[in-house]
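Heads up: the structure comes next, in structure tokens.
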Amino acid sequence: MSEQRLRIAIQKSGRLSDGSFELLKSCGLTISRGRDKLYGRVQEMPIDILLLRDDDIPAFVADDACDIGIVGQNVFEEELLNETHEAPAQEVMRLGFARCRLMLAAPKEWTFDGASMLEGKRIATSYPALTRAWLEREGVNAKAVMMKGSVEVAPRLKIADAVCDIVSTGATLDANGLKPVSTVFASEAILIRNQNAFSPEKLVVFESLLKRINGVLTSKD
Ligand code: PRT
Ligand code: ZN
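Here the sequence shown is numbered in full-length UniProt numbering, starting from 1 and rising by one per residue.
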């Protein structure tokens, strides 16, 4: 990949992919994908695209492997709270798609009357840092237990008393005998960038891309 081309990280396949590709397309960009499908090239502007797992995007951007990226705010903020990078990536703007909420959810039979109900309880989550920050704000002493997947089955398996998970329609919680009781973090896709100043060539491309994205977003309002 040329040093002169702006490198953008987007999710290879998942809930952010369609929105990310659509946004670039709406900006008037055509992407040709490499044979390995991990790499794409924009025809109209000097932009290279790296296709990654969403969880890797903040670190790739922080470490300068990519200049910018599109990721869920939930993943980005969790990484920030974990302070894994001395110079973390920075949020540039909200992109208005992949909206969801990180929610505290409890067994349906609970009569939930406030966060204090969670005192001393175990909460399964893929977002322990965001969950702990919320518990702290609420003044509750509870244990956030990390689970990478299938968080919603934890109460049934008696691994945890409640969960803190991403909710979109709520159907997954419902199917697992859980109900959402409180929003911990509201999320959507965001554009992030590396902290360092871009080279003059890259800056021109970056600013032109931002202008196009802003144009697309305002035309949707
Ligand atoms: O493979 P890779 O690691 O790249 O992808 P992934 O499987 O880790 O992530 P992916 O593609 O599922 O989600 C990417 C991002 O999309 C998330 O980080 C969120 O920012 C956003 N997003 C939007 C969602 C949802 N909606 C969503 N519904 N992420 C996950 N879900 C899951 C949730 O975890 C739960 O299992 O969908 C289920 C709940 O959906 P409902 O509709 O039943 O409530
Ligand atoms: Zn992921």
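Note that CB positions come from ideal geometry on N, CA and C, so glycine has one too.
Task: Segments assigned beta strand (DSSP E), at least 3 residues, entirely inside the region 56-80 - done: 68-72
TODO: Starting from the C-beta of residue 212, find all residues in its chain whose C-beta is less than 6 Å away, skip the five residues before and the five after it, and write them out in chain order.
DONE: 27
Open item on the list: Using a 10 Å radius around the Cβ and a threshold of 16 neighbouring Cβ atoms, would you call residue 1 buried or exposed?
Closed with: Reliability fails at residue 1, whose pLDDT of 49 lies under 50, so the model's placement of it is uncertain and the value that follows must be treated cautiously. So residue 1 ends up on the exposed side.
TODO: Under 6 Å from any heavy atom of ligand 2, by CB: list those residues in chain order, please.
DONE: For ligand 2, the residues with a Cβ under 6 Å from any of its heavy atoms are, in chain order, 53, 54, 55.
Task: Residue range of the unbroken alpha helix (DSSP H) whose run includes residue 33 - done: Careful: residue 33 lies outside any alpha helix (DSSP H), inside the beta strand (DSSP E) at 31-33.
Open item on the list: For residue 95, list the residues DSSP reports as bridge partners.
Closed with: Residue 95 pairs with nothing; no bridge assigned.
Open item on the list: Would you say the beta carbon of residue 105 is closer than 6 Å to some non-hydrogen atom of ligand 1?
Closed with: no
Task: Which of helix, strand or coil DSSP assigns to residue 6 - done: strand
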